[in-house]
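**Q** Numbering (our numbering), first residue to last: 1 to 413. Cβ coordinates follow ideal geometry from the N, Cα and C atoms, glycine included. Take a look at the following structure, please.
So, in C-alpha cells, the structure goes:
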C-alpha cells in the first residue's frame, strides 16, 4: 500500500503568542457569575500548555523508537499531551456551550496514532484513519526514527526524497483474524489471497504535526469567540404594578425579589445577608413618610427623586442589553449628593466609612443597629458643624442616616 504521509492540507501561519492572546480574550468573554471556575481553570491551563508544547515540537518528539518493544517516554509524552488537549477542548466546548467546531482529518489521524501508541496490547478495531474493512485488530508494530544510524532503516523506510524529509515512520500491523484457513490448509497462499494481514506505514514530520495541532487549536479558539447572547426570557410585571407615581408608592420588596435572580441588578447575598442599595432608598422613603416635621416641599423632593431613579433603574434593568454596571446608581448618597454639605472628611466618612462602619446594614434587608461608635462620633461631629445643628441621638443608626439626608435637604430648600 501507499505510505500515509500526515501533513496539513493548507498553510498555517498563526503564532503561538497570537493563539494564546486570542484565547485569553475569548476566555474573559465567557466568564459569568455562573462560571465553573474550578473546572474551567485547569482546562484552560492544559490548552495553553499544549500550545507551547506543540509549538516547540522538535524532530525527536517520539524518542528513539521502540526497538525494545515499547515506545520511548517521549512518545508517551506526545500521545498523552495530544489526548489531554483534545479532551480539554471538548470539555470546555461543553462548559461554554460553543457551536460545533471543525475537526481536521489530519488531527483525527494524530488521535488514531495516539491510540496506537497508548493502547497497543489490547484489541484495536476502530482506527478510522487507516480506512480498514474486515480487519478485526490493528497494532503498533514498530516506530523508526530518521535519525537512526542504521543503513537498513534508511534503505527500507526513508528511501526516497519525500520520505527522507520525514522524522518518523510508524509501521501498523492489521489482522482479519481469519479462521477460514483451517478449511484451506492445502491452499498455501490463502492468507495472501484473502489479504488476512496488512502492514501500513505512517510518516510524521515534527513541523507538520505542529501545524496540524496548532491549526486545530485555532479552530477551537475561533469557535470560542462565538459568545451566545441569547438570554432566557423572564416575565416581568408592568411598571405600574410596582411603581405608583401618583401616590408616591414603590414596591421595593417586589423589585428586590425580581432583581435578586442574578447580579445585574446589584443584588448580592453574602453570608446570608441580602445587600441591595434599593433597601436604603426604601428606608429613606418610609422615614420621610413617618416624620411629621418635614415640609411638604422637602418631602415631595425626596419622593420625586427616589421615584425617578427607581423608574430609570427598572426600565434599564428590563433591557437585557444594558450591562449591570450601566444601570442607574441606587446609592442614596450619590442620589442626594447635591444636598449633603461639604466638610473636611466628607469623602472619607461618606464614601468609605458610612456603609462599612457607621451604618453597615443600611442597604440590607431586615438588618440594622450595628455601628462603630468611634466613626459614628466623628461623623456626627463633622455633619453637626457643617449643618450648624444638633442631631437626635435617640434614634437607631439607620434612622440617623435618613435624618442626615432629610436635614440636609431641609436646609437647602
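#1: Whole angstroms is fine: what's the gap from residue 118's alpha carbon to residue 81's?
#2: What are the boundary residues of the alpha helix (DSSP H) that residue 163 is part of?
#3: Looking only at its chain, what residues have a beta carbon closer than 8 Å to the beta carbon of residue 407, apart from the 5 residues adjacent to it on each side?
#4: On the criterion of 16 or more Cβ atoms from any shown chain inside 10 Å, does residue 134 qualify as buried, or is it exposed?
#5: Measure the C-alpha to C-alpha separation of residue 100 and residue 11 and round it to an integer number of angstroms.
#6: Does the beta-carbon of residue 114 have 16 or more other beta-carbons within 10 angstroms, so that it is buried, or is it exposed?
#7: Does the stretch 210 to 221 come into contact with the stretch 234 to 246, if we say contact requires no fewer than three beta-carbon pairs (one atom in each stretch) closer than 8 Å?
#8: Could you compute how far the alpha carbon of residue 230 sits from the alpha carbon of residue 337?
#9: Which residues bound the beta strand (DSSP E) around residue 203?
#10: Can you name the start and end residues of the beta strand (DSSP E) that residue 77 belongs to?
#11: How long is the line joining the alpha carbons of residue 163 and residue 201, rounded to whole angstroms?
#12: Whose C-beta lies closer than 7 Å to the C-beta of residue 400 among residues of the same chain, with five residues either side of it excluded?
#13: For residue 275, which beta-bridge partners are listed by DSSP?
#14: With a 10 Å radius around its C-beta and 16 neighbouring C-beta atoms as the bar for buried, classify residue 72 as buried or exposed.
#15: With residue 311 and residue 243 assumed to form a contact (beta carbons below 8 Å), what rounded beta-carbon distance in angstroms separates them?
#16: Once DSSP output is grouped into helix, strand and coil, what is the label at residue 134?
#17: Pick helix, strand or coil for residue 415, following the three-state DSSP scheme.
#18: Determine the contact status of residue 361 and residue 368, defining contact as a CB-CB distance below 8 Å.
#19: Please return the same chain residues whose Cβ sits closer than 7 Å to the Cβ of residue 91, not counting the five positions on each side in sequence.
#20: Is there contact here, the stretch 253 to 266 with the stretch 286 to 302, by at least three beta-carbon pairs under 8 Å?
#21: Let me check one thing: in DSSP terms, what residues is residue 250 bridge-paired to?
#22: Just the C-alpha distance for residue 306 and residue 378, rounded to the nearest angstrom, thanks.
#23: Taking the straight line between their C-alpha atoms, what separation do you get for residue 20 and residue 53?
#24: Would you decide whether residue 136 is buried or exposed? Buried here means 16 or more other CB atoms lie within 10 Å of its CB.
#25: On the three-state DSSP scale, how would you describe residue 174?
#26: Whole angstroms is fine: what's the gap from residue 27's alpha carbon to residue 224's?
**A** Let me spell this out:
#1: Cα atoms of residue 118 and residue 81: separation of roughly 12 Å, rounded to the nearest angstrom.
#2: Taken as a continuous stretch (DSSP letters only), the alpha helix (DSSP H) holding residue 163 covers 161 to 164.
#3: If we look at residue 407 and ignore the five residues flanking it on each side, its Cβ neighbours are 387, 389 and 391.
#4: By the neighbour-count rule (16 or more Cβ atoms within 10 Å), residue 134 is not buried but exposed.
#5: Here the alpha carbon of residue 100 sits roughly 22 Å from the alpha carbon of residue 11.
#6: It is buried - the Cβ of residue 114 has at least 16 other Cβ atoms within 10 Å.
#7: Three or more beta-carbon pairs separated by less than 8 Å are not found between the stretch 210 to 221 and the stretch 234 to 246, which leaves the two stretches without contact.
#8: Here residue 230 scores only 47 on pLDDT, less than 50, and its place in the model should not be relied on; the value that follows carries that caveat. The alpha-carbon atoms of residue 230 and residue 337 are separated by roughly 38 Å.
#9: Element bounds for residue 203: 197 to 204.
#10: DSSP places residue 77 in no beta strand (DSSP E) but in the uninterrupted alpha helix (DSSP H) bounded by 73 to 96.
#11: Computed Cα separation, rounded: 11 Å.
#12: Excluding five sequence positions before and after residue 400, the CB atoms of its chain that fall closer than 7 Å to its own CB belong to 391, given in chain order.
#13: According to DSSP, residue 275 bridges with 268 and 364.
#14: Counting the other Cβ atoms within 10 Å of the Cβ of residue 72 gives 16 or more, which makes it buried.
#15: The distance from the Cβ of residue 311 to that of residue 243 is about 6 Å, consistent with a contact at the 8 Å cut-off.
#16: Correct three-state label for residue 134: coil.
#17: Only positions 1 to 413 of the chain appear in this structure, which leaves residue 415 out of reach.
#18: Yes, these two residues count as a Cβ contact at 8 Å.
#19: By the criterion of a C-beta distance shorter than 7 Å, residue 91 is surrounded in its chain by 43, once the five residues flanking it on both sides are discounted.
#20: Contact fails: fewer than three Cβ-Cβ distances are below 8 Å.
#21: Checking the DSSP bridge columns, you'll see residue 250 partnered with 243.
#22: The straight-line gap separating the alpha-carbon atoms of residue 306 and residue 378 is approximately 28 Å.
#23: If you take the alpha carbons of residue 20 and residue 53, they lie about 13 Å apart.
#24: When all chains shown are included, residue 136 counts as exposed.
#25: Judged by DSSP in its simplified three-state form, residue 174 adopts strand.
#26: Whole-angstrom Cα-Cα distance: 8 Å.
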